[in-house]
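*Asks:*
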Amino acid sequence: MAVSGRLGEKIRQHKAAADLAWLDYSDAVFENENVLAALAEFESYLPDNWQWRTIPPSVDEANLALDAIKFDYENEFVAVYGKDKSYVLIGGMGNDTLIGGYENDIIIGGEGSDILKGSGGSDIFVVSDNDEIIDFNVTDNDILDISHLLKHTNSPLQDYIHFEIINDLETGENHTQLSINADGTGNTFDDATILLRNVVFRDEVDIPSLLASGSIHTGGSKPTLELSLSISDATATENPEDPAAFDIVFSENILPENLTVPISLKGTAKPGQDFQLSIPIWNEQTGAYETTMISHTIIPVKLKKGDQKLTVKIIPIADTIREPNENIVVALSKKEDYYYVANNDVSPIEIADGTDEISIQTVNDMAIEGKPAGGSILISRVGSLDISKDVKLMVKGTAENGRDFYYVPSEISIQPGQTNATIDIIAYQDKEMEDVEFVEVIVSQAIIL
1 MAVSGRLGEK IRQHKAAADL AWLDYSDAVF ENENVLAALA EFESYLPDNW
51 QWRTIPPSVD EANLALDAIK FDYENEFVAV YGKDKSYVLI GGMGNDTLIG
101 GYENDIIIGG EGSDILKGSG GSDIFVVSDN DEIIDFNVTD NDILDISHLL
151 KHTNSPLQDY IHFEIINDLE TGENHTQLSI NADGTGNTFD DATILLRNVV
201 FRDEVDIPSL LASGSIHTGG SKPTLELSLS ISDATATENP EDPAAFDIVF
251 SENILPENLT VPISLKGTAK PGQDFQLSIP IWNEQTGAYE TTMISHTIIP
301 VKLKKGDQKL TVKIIPIADT IREPNENIVV ALSKKEDYYY VANNDVSPIE
351 IADGTDEISI QTVNDMAIEG KPAGGSILIS RVGSLDISKD VKLMVKGTAE
401 NGRDFYYVPS EISIQPGQTN ATIDIIAYQD KEMEDVEFVE VIVSQAIIL
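Structure below.
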């Protein structure tokens, strides 16, 4: 029995008939009977003067030829007949052939040994023992649902399924046989077999990849993804800004799409108030990591393919207030639908105020004898502004402090709430003829009160 969801339109019927002709040709090649007759029937759906690499062609080459039966879906189909529907096709007790339409279909094999073909769209294949899927394609966002074939799905997926590459000696094609151990014991995989035609999957590479992309639905089983957390830099300072960091390490290099990792942040330092987190986000378009700042406890994971370490930086927020060191204790939270926590480094991370920065610059570099306005020097600070700060100075130069210019003390105080203080250099008027003299003021030490 052949089942094709259809509206009765000529174009879609033509494509469905071509699919069936290809299936007939595939059977003829396998049985080595009436091959040329089946090929002629299949060629009637192809463009005129179609050329094969070999005659008769392999089933794979014939399958690729189906792509030549093309039309503009939007202009030639939707514009004339309207958008194709999404179908739910369910097989019966016998051996059925189920072919979907151009949109997203659900195709469910019955009790028999069924052949399933999704055609266009993103299709869900619900399979049973001895079923075959003709066009399962991860890039089309197809989904293979085997959840009803597995029991007690709390073990790693590798204990339930096994991929084996099958080489068809008659046609030279490579397919993948999916074998299932329903109990998840990881011993023999003989409870069910599904043939995935024209695709090649391997256990170590593709089981994590298929589950990560959502291309296989299994109920509750999952790969053995483990996460570890380690502190790579345990100290952060507000001034100068110097972040702390911790690493999240993944046991596999293929990760679930849109994976997020919740963490707990305990301690005296508060996220968004005392610090924020900086994480790398891989941009496929630019081929580079971009930095994103977050202040919550959900870490989005977007790593370059193959990378297994995510470094999270703790960026302190300077608050200009002198305070004791604050601490953070970071830990991975459980998320056993996606991963297991293998190790949590619970060593605390400290945030310190750091060292206040004192800078000095000349605002006016000229003082003239007898003039009320003279030179000026600005002493500035960055750091804790809620306290006063005494800055020790050294006054040097050819001009003598207190004789050639108003006395400059060896210590100046920057008051609480103030970011700077000014030193004025006012020259005395004298009657001596002398060369130009200079004054040099140097910050020698800052004292916090």
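Numbering of the sequence shown is given in UniProt numbering, commencing with residue 1 and proceeding in unit increments. Glycine is no exception: its CB is placed at the ideal position from the N, C-alpha and C atoms. Computed from a prediction, not measured in an experiment: that's the story for all the values here.
#1: For Gln13, does the three-state DSSP call read helix, strand or coil?
#2: For Leu20, verify whether its CB is less than 6 Å away from any heavy atom of the ligand NAP.
#3: Taking Asp274 as the reference, which of Ala399, Asn258, Asn239, Thr97 has the closest Cα?
#4: For Glu61, which of Gly101, Trp22, Ser119, Ile124 has the nearest alpha-carbon?
#5: In the DSSP assignment, the beta strand (DSSP E) including Glu164 goes from what residue to what residue?
#6: Taking Thr291 as the reference, give the member of Val312, Phe125, Val88, Asn75 with the closest Cα.
#7: CB-CB under 8 Å to Thr422, same chain, minus the five flanking residues each way: which ones, in chain order?
#8: Residue range of the alpha helix (DSSP H) that Asn63 falls in?
#9: Can you round the beta-carbon distance between Ala234 and Glu350 to whole angstroms, since I take them to be within the 8 Å contact cut?
#10: According to the neighbour-count rule (16 or more other Cβ atoms, all chains shown, within 10 Å of its Cβ), is Phe163 buried or exposed?
#11: If Gly219 and Leu144 are in contact, beta carbons under 8 Å, what's the gap, nearest whole angstrom?
#12: Per DSSP, what are the beta-bridge partners of His175 in this structure?
#13: Taking the CB atoms as reference points, tell me whether Val439 and Gly397 lie closer together than 7 Å.
#14: Starting from Ser209, trace the alpha helix (DSSP H) both ways and give me its first and last residue.
#15: State whether the stretch 102 to 119 contacts the stretch 166 to 180, with contact taken as three or more CB pairs (one from each stretch) at a distance under 8 Å.
#16: For Leu227, list the residues DSSP reports as bridge partners.
#17: What is the rounded straight-line gap between the Cα of Gly91 and the Cα of Ala18?
#18: Could you compute how far the alpha carbon of Ile248 sits from the alpha carbon of Pro300?
#19: For Gly118, count neighbouring C-beta atoms within 10 Å of its own C-beta (all shown protein chains included) and say buried if the count is 16 or more, exposed if not.
#20: For the alpha helix (DSSP H) containing Val346, name the first residue and the last one.
#21: Compute the distance between the beta-carbons of Glu226 and Ala269, then report whether it is under 7 Å.
#22: Using beta-carbon positions only, say whether Asp142 and Asp123 come within less than 7 Å of one another.
#23: Mind pulling the beta strand (DSSP E) runs of 3 or more residues that sit fully within the stretch 95 to 134?
#24: Compute the distance between the beta-carbons of Glu132 and Leu195, then report whether it is under 7 Å.
#25: Please go through the same chain and pick out, in chain order, the residues whose beta-carbon is closer than 6 Å to the beta-carbon of Lys309, but skip the five residues on each side of it.
#26: Which same chain residues end up closer than 6 Å to Asn34 when comparing Cβ atoms and leaving out the 5 residues on each side of it in sequence?
#27: If you measure between the beta carbons of Ser209 and Ile254, is that distance less than 7 Å?
#28: Which term fits Gln88, buried or exposed, when burial requires 16 or more other beta carbons within 10 angstroms of its beta carbon?
#29: Assign Leu89 to one of three DSSP states: helix, strand, or coil.
#30: I need the straight-line Cα distance from Leu303 to Asn198, nearest angstrom please.
#31: Let me confirm a value: Asp48 is counted as buried when at least 16 other C-beta atoms fall within 10 Å, else exposed. Which label applies?
#32: When DSSP builds the beta bridges, which residues end up paired with His217?
#33: State yes or no: is the C-beta of Val126 within less than 7 Å of the C-beta of Ser215?
#34: Pick helix, strand or coil for Leu46, following the three-state DSSP scheme.
*Replies:* By the coordinates alone:
#1: Within the sequence shown, the letter at position 13 stands for residue 13. In the three-state scheme derived from DSSP, where H, G and I count as helix and E and B as strand, Gln13 is classed as helix.
#2: In the structure on display, the ligand NAP does not appear, and there are no ligands present to speak of.
#3: For the purposes of this step, residue 274 is taken as the residue at position 274 of the sequence shown. Minimum Cα distance to Asp274 is reached at Asn239.
#4: Locating residue 61 in the sequence shown gives position 61, where the first residue counts as 1. Answer by Cα proximity: Trp22.
#5: Taking the first residue of the sequence shown as 1, we reach residue 164 at position 164. For Glu164, the enclosing beta strand (DSSP E) covers residues 161 to 167.
#6: On the sequence shown, position 291 is the one that residue 291 refers to. It is Val312 whose Cα lies nearest to the Cα of Thr291.
#7: For the purposes of this step, residue 422 is identified with residue 422 of the sequence shown, where counting begins at 1. For Thr422, same chain residues with a beta-carbon under 8 Å away, outside a window of 5 residues either side, are Val363, Ser376, Ile377, Leu378, Ile379 in chain order.
#8: The sequence position of residue 63 within the sequence shown is 63, counting from 1. Element bounds for Asn63: 59 to 65.
#9: The sequence position of residue 234 within the sequence shown is 234, counting from 1. The sequence position of residue 350 within the sequence shown is 350, counting from 1. Yes, Ala234 and Glu350 are in contact; Cβ-Cβ is about 7 Å, under 8 Å.
#10: The sequence position of residue 163 within the sequence shown is 163, counting from 1. Counting Cβ neighbours within 10 Å, Phe163 comes out buried, since at least 16 surround it.
#11: Position 219 of the sequence shown, counting from 1, holds the residue named residue 219. Position 144 of the sequence shown, counting from 1, holds the residue named residue 144. Under the criterion of beta carbons closer than 8 Å, Gly219 and Leu144 do not qualify as touching, at roughly 13 Å.
#12: Stepping through the sequence shown from its first residue, residue 175 is reached at position 175. For His175, which the question treats as bridged, DSSP gives the partners Ile166.
#13: Taking the sequence shown and counting its residues from 1, the one referred to as residue 439 is at position 439. Taking the sequence shown and counting its residues from 1, the one referred to as residue 397 is at position 397. Taking 7 Å as the Cβ cut-off, Val439 and Gly397 qualify as a contacting pair.
#14: Looking up residue 209 in the sequence shown gives position 209. Per DSSP, Ser209 belongs to the alpha helix (DSSP H) from 203 to 213.
#15: In the pairwise beta carbon analysis, the stretch 102 to 119 is classified as not touching the stretch 166 to 180: fewer than three pairs are separated by under 8 Å.
#16: The residue labelled residue 227 in the question sits at position 227 within the sequence shown. Looking at the DSSP assignment, Leu227 forms a beta bridge with Phe250, Val341.
#17: If you number the sequence shown from 1, residue 91 lands on position 91. If you number the sequence shown from 1, residue 18 lands on position 18. Roughly 21 Å separates the two Cα atoms.
#18: Position 248 of the sequence shown, counting from 1, holds the residue named residue 248. Position 300 of the sequence shown, counting from 1, holds the residue named residue 300. Ile248 and Pro300: Cα-Cα distance of roughly 12 Å.
#19: Counted from its first residue, the sequence shown places residue 118 at position 118. With 16 or more other Cβ atoms within 10 Å, it is buried.
#20: Locating residue 346 in the sequence shown gives position 346, counting from the first residue. First-last for Val346: undefined, no H or E at that position.
#21: Here the question's residue 226 lines up with position 226 in the sequence shown. Here the question's residue 269 lines up with position 269 in the sequence shown. At the C-beta level, Glu226 and Ala269 stay beyond 7 Å of one another.
#22: Taking the sequence shown and counting its residues from 1, the one referred to as residue 142 is at position 142. Taking the sequence shown and counting its residues from 1, the one referred to as residue 123 is at position 123. Result yes, Cβ atoms of Asp142 and Asp123 sit closer than 7 Å.
#23: Complete beta strand (DSSP E) runs here, min 3: 97 to 99, 106 to 108, 115 to 117, 124 to 126.
#24: In the sequence shown, the residue the question calls residue 132 occupies position 132. In the sequence shown, the residue the question calls residue 195 occupies position 195. In this structure, Glu132 lies near Leu195, with their beta-carbon atoms less than 7 Å apart.
#25: Counting from one through the sequence shown, the residue named residue 309 turns up at place 309. Closer than 6 Å at Cβ, skipping near neighbours: Asp247, Val249.
#26: On the sequence shown, position 34 is the one that residue 34 refers to. Counting only Cβ-Cβ distances below 6 Å, and skipping sequence neighbours, we find Ala28.
#27: For the purposes of this step, residue 209 is taken as the residue at position 209 of the sequence shown. For the purposes of this step, residue 254 is taken as the residue at position 254 of the sequence shown. In this structure, Ile254 lies closer than 7 Å to Ser209 by Cβ.
#28: In the sequence shown, counting from the first residue as 1, residue 88 sits at position 88. Note on identity: in this sequence residue 88 is Val, with Gln being the wrong assignment. With fewer than 16 Cβ atoms within 10 Å of its Cβ, Val88 is classed as exposed.
#29: On the sequence shown, position 89 is the one that residue 89 refers to. In the displayed model, Leu89 falls within a strand according to three-state DSSP.
#30: Residue mapping note: residue 303 aligns to position 303 of the sequence shown, counting from 1. Residue mapping note: residue 198 aligns to position 198 of the sequence shown, counting from 1. For Leu303 and Asn198, the distance between alpha carbons rounds to 30 Å.
#31: Looking up residue 48 in the sequence shown gives position 48. Asp48 sits exposed, since fewer than 16 C-beta atoms from the chains shown fall within 10 Å of its C-beta.
#32: In the sequence shown, the residue the question calls residue 217 occupies position 217. Under the DSSP definition of a beta bridge, His217 partners with Asp145.
#33: Here residue 126 corresponds to residue number 126 of the sequence shown, with the count starting at 1. Here residue 215 corresponds to residue number 215 of the sequence shown, with the count starting at 1. In this structure, Ser215 does not lie closer than 7 Å to Val126 by Cβ.
#34: Working through the sequence shown from its first residue, we reach residue 46 at position 46. Assigned with DSSP and collapsed to three states, Leu46 falls in coil, not helix or strand.
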